[in-house]
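Below is one structure, written out as structure tokens, with a few remarks after it.
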Amino acid sequence: MPMNPAVQAVIKAITRLQPDVANSWNSQRKVEDAAGKLTIADPRCRIDKITATADDGYEIPLRVFTPLDIDFSLKRGLHVNEDHRGTILYLHGGGWANGDVEFYSDACMRTALKLERRVIAVDYRRSPEYRFPTALEDCYAVARQLFAGTLIRDADPERIVLMGDSAGGNLTAAVSLLARERGDFRPRTQILLYPLVYNDHSETTLFDSVRDNGEDYILTRQAIVDYIELYLRTPADFHDSRFAPLIATSLADLPRTLVITAEYDPLRDEGEAFAARLDAEGNEVACFRMNDGVHGYFLYPSVLSLVRDTYRLIAHFLDGDPLPKPGDRPWLTLLGTD
Numbered sequence: 619m620p621m622n623p624a625v626q627a628v629i630k631a632i633t634r635l636q637p638d639v640a641n642s643w644n645s646q647r648k649v650e651d652a653a654g655k656l657t658i659a660d661p662r663c664r665i666d667k668i669t670a671t672a673d674d675g676y677e678i679p680l681r682v683f684t685p686l687d688i689d690f691s692l693k694r695g696l697h698v699n700e701d702h703r704g705t706i707l708y709l710h711g712g713g714w715a716n717g718d719v720e721f722y723s724d725a726c727m728r729t730a731l732k733l734e735r736r737v738i739a740v741d742y743r744r745s746p747e748y749r750f751p752t753a754l755e756d757c758y759a760v761a762r763q764l765f766a767g768t769l770i771r772d773a774d775p776e777r778i779v780l781m782g783d784s785a786g787g788n789l790t791a792a793v794s795l796l797a798r799e800r801g802d803f804r805p806r807t808q809i810l811l812y813p814l815v816y817n818d819h820s821e822t823t824l825f826d827s828v829r830d831n832g833e834d835y836i837l838t839r840q841a842i843v844d845y846i847e848l849y850l851r852t853p854a855d856f857h858d859s860r861f862a863p864l865i866a867t868s869l870a871d872l873p874r875t876l877v878i879t880a881e882y883d884p885l886r887d888e889g890e891a892f893a894a895r896l897d898a899e900g901n902e903v904a905c906f907r908m909n910d911g912v913h914g915y916f917l918y919p920s921v922l923s924l925v926r927d928t929y930r931l932i933a934h935f936l937d938g939d940p941l942p943k944p945g946d947r948p949w950l951t952l953l954g955t956d
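In our numbering, the protein residues as written are 619 to 956.
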């Protein structure tokens, strides 16, 4: 559906003002660091800092967001109890080079409260200082320890959800593939928000959304290419399914999956193709496209309907409630669970 012309003009102007990723990733970190410090803590959510040990001995910083039930009465006084129905392991976006748990604190607090689940955000090592597969192995090590009960002892493996947006969606899908191959643990559920799952974002790529949405909608095709160049270590990594899960030989026997794409995102088609392959290879999967959405919209204020509707959709998926039917708005259903 066509975007509102006035909104499209604003988005196009913002996109054109962005510096190129190859020369500005470090400057963007500084801007994000400043923005992260402006996050206002919500008293309904406790925030704890813990670490997990990577296989090479590095201590991976983690931020734990626990929703709280706060009750006050004159007779009993103030009582604060943890109030969650499971644990979400959240892997943030940012092209593997940007984003961190500080910058994502507001989104993680909001996710914990709206979904009534504890959220553990992983501050994995970023590129270009640490290239592929360091970020993936950091995330895998955290997931392995979480499922084993050595990270947080009361985390029920049956109620652990892997979740990530953009590059974090890429890492989420890759962690699930690694878990299947290595057998250390088996995730039951994963949520991928506008994920990067393919390796070709050239002008001749298979996917039209890269060409149609790759210039004027915040995330550009060139930015994707630049982020990938900052992330990968060798040319061979480009053809590694741990980087591009869509090229994996098999996508069978993977977790129950929710894929959410954005209409004006260059990564839209590959996310939907990934969902289609999951479905074709026998997995339980639901995939929805958010009309009028652009890449990164999940970080926008929750008063926006796109963000509210995304949380509603995720909640229905996690709680086993009926999902929207084909043709329902604001979602365009591509695949649905039975």
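All C-beta atoms, glycine included, are put in the ideal place defined by N, C-alpha and C.
Residue i, buried or exposed, once every other Cβ within 10 Å from all chains shown has been counted against 16
| i | result |
| --- | --- |
| Asn622 | exposed |
| Thr669 | exposed |
| Asp858 | buried |
| Leu656 | exposed |
| Arg860 | buried |
| Asp956 | For Asp956, the predicted model reports a pLDDT of 45, less than 50, meaning its position is unreliable and no value from the coordinates is stated. |
| Asp939 | exposed |
| Glu847 | exposed |
| Gly900 | exposed |
| Arg886 | buried |
| Ser723 | buried |
| Ser745 | buried |
| Val828 | buried |
| Ala870 | exposed |
| Asn831 | buried |
| Gly767 | exposed |
| Gln636 | exposed |
| Glu747 | exposed |
| Ala862 | buried |
| Asp666 | exposed |
| Pro853 | exposed |
| Ile836 | buried |
| Asp638 | exposed |
| Glu890 | buried |
| Arg681 | buried |
| Ala797 | buried |
| Asn625 | The sequence given here has Val at residue 625, not Asn. Label assigned to Val625: exposed. |
| Ile842 | buried |
| Val760 | buried |
Own chain partners of residue i with C-beta closer than 6 Å, once the 5 adjacent residues on each side are dropped
| i | result |
| --- | --- |
| Gln646 | Asn716 |
| Arg634 | none |
| Asp660 | Met727 |
| Tyr929 | Lys732 |
| Thr807 | Val779, Pro873, Arg874 |
| Asn817 | Phe856, Ala862 |
| Gly787 | Leu810, Leu811, Pro813 |
N- and C-terminal bounds of the beta strand (DSSP E) containing residue i
| i | result |
| --- | --- |
| Asp774 | Unbroken run through Asp774: none, as it is neither H nor E. |
| Tyr758 | Segment 752 to 766 is the alpha helix (DSSP H) holding Tyr758; no beta strand (DSSP E) there. |
| Leu824 | Unbroken run through Leu824: none, as it is neither H nor E. |
| Tyr708 | 705 to 709 |
| Thr807 | 807 to 811 |
Spatial neighbours of residue i in its chain, beta-carbon cut-off 7 Å, leaving aside the 5 residues before and after
| i | result |
| --- | --- |
| Pro765 | Note that residue 765 is Phe in the sequence shown, not Pro. So the qualifying residues of the chain are Pro775, Ile778, Phe803. |
| Lys630 | Asp834 |
| Glu677 | Thr669, Thr671 |
| Arg749 | Tyr849, Leu850, Arg851 |
| Arg662 | Pro685, Leu686, Ile688, Leu731 |
Boundaries of the alpha helix (DSSP H) in which residue i is found, first to last residue
| i | result |
| --- | --- |
| Ile778 | Here Ile778 belongs to no alpha helix (DSSP H); instead the beta strand (DSSP E) covers 778 to 783. |
| Ala739 | Per DSSP, Ala739 belongs to no alpha helix (DSSP H); it is in the beta strand (DSSP E), 736 to 740. |
| Ile842 | 839 to 849 |
| Thr729 | 723 to 733 |
Cβ neighbours of residue i in the same chain (closer than 8 Å, five flanking residues each side left out)
| i | result |
| --- | --- |
| Glu734 | Pro685, Asp701, His702, Arg703 |
| Ser868 | Glu899 |
Decide if the segment 917 to 929 is in contact with the segment 886 to 895; the criterion is three or more beta carbon pairs, one per stretch, under 8 Å apart. no
Tell me the start and end of each unbroken alpha helix (DSSP H) in the segment 914 to 941 that is at least 4 residues and wholly inside, in chain order. 923 to 937
Quick one: complete beta strand (DSSP E) runs, 3+ long, within the segment 625 to 694? Fully enclosed beta strand (DSSP E) runs of 3 or longer: 663 to 671, 677 to 691.
Would you check if the segment 879 to 889 and the segment 803 to 817 touch, i.e. whether three or more CB-CB distances between them fall below 8 Å? yes
Would you check if there are 3 or more beta carbon pairs closer than 8 Å linking the segment 786 to 793 to the segment 703 to 713? yes
Spell out a yes or no on whether the segment 733 to 749 and the segment 814 to 832 are touching, meaning 3 or more CB-CB pairs, one atom from each, closer than 8 Å. no
Quick one: which unbroken beta strand (DSSP E) runs of 3-plus residues sit fully inside the segment 867 to 920? Chain order, please. 874 to 880, 903 to 908
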